[in-house]
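In the numbering used here, the protein residues as written are 4 to 228.
We put the CB at the ideal spot given by N, CA and C, even for glycine.
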């Protein structure tokens, strides 16, 4: 009888040990999967959107004058100074005069400014289409100011901020990204700027040279979705 009891206890111990081992293995597998996901996800996030050298897919968005605008609308353009901007971000507002100056300087040379508002007006009512019309009139924008109404264009570009700048050149391959990032190195004071990233990039392209600084960090407000 004692022998049977000992055998039963041994069998019970083995069963419990196996169950615990299986549970530990399952937990370890789940933990490894979670760690792997956490490691790879940021890498995927970093690769979203166009990179320098990529060919840009054209878009068609409504301008503040009610017309639909695309890059192909500019038949004589050599390229574009494209900005994702808005009415409500202090950084965007600080750069409005500089955008106008860029358009006046480079549009006649083949690189016009085109501006796209990526914000959801339900989240930021100040970025509604009607508010955009008013802002464009008040500031005297010399360039198209369009609304990414369905918020499909800015994710293609990988834009995350307002303003977020792209210099695009027309090439035999198509509209090619040549620069991504900030306008310059001082949003607070235009007179204190020491590095003019957009101007340097466009000047290089107009001279048939390679853009030296191809990417910088875009400084601005997060896009409202």
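Item to check | Beta-carbon contacts of residue 188 that lie in its chain and below 7 Å, excluding the five residues immediately before and after | outcome: These residues qualify, in order along the chain: 196, 197 and 198.
Checklist entry - CB-CB under 7 Å to residue 29, same chain, minus the five flanking residues each way: which ones, in chain order? => result In this predicted model, residue 29 has a pLDDT of only 46, less than 50, meaning its place in the structure is not dependable; the value taken from the coordinates is given anyway. Excluding positions up to five away in sequence, the list is empty.
Next on the checklist: Using CA atoms only, rank isn't needed, just tell me which of 121, 171 and 51 is closest to residue 114.
Outcome noted: 171
Checklist entry - For the alpha helix (DSSP H) that contains residue 135, what are its first and last residues? => result 132–142
Checklist entry - Between which two residues does the alpha helix (DSSP H) carrying residue 159 extend? => result For residue 159, the uninterrupted alpha helix (DSSP H) run begins and ends at 156–160, by DSSP.
Item to check | Limits of the alpha helix (DSSP H) - the one that residue 84 falls within | outcome: Careful: residue 84 lies outside any alpha helix (DSSP H), inside the beta strand (DSSP E) at 82–87.
Checklist entry - Among 217, 58, 92 and 178, which has the Cα closest to the Cα of residue 81? => result 178
Item to check | Close beta carbons around residue 90, own chain, < 6 Å, minus the five adjacent residues each side | outcome: 129, 130, 134 and 138
Checklist entry - What is the residue span of the beta strand (DSSP E) that residue 126 lies within? => result Per DSSP, residue 126 belongs to no beta strand (DSSP E) and is neither H nor E.
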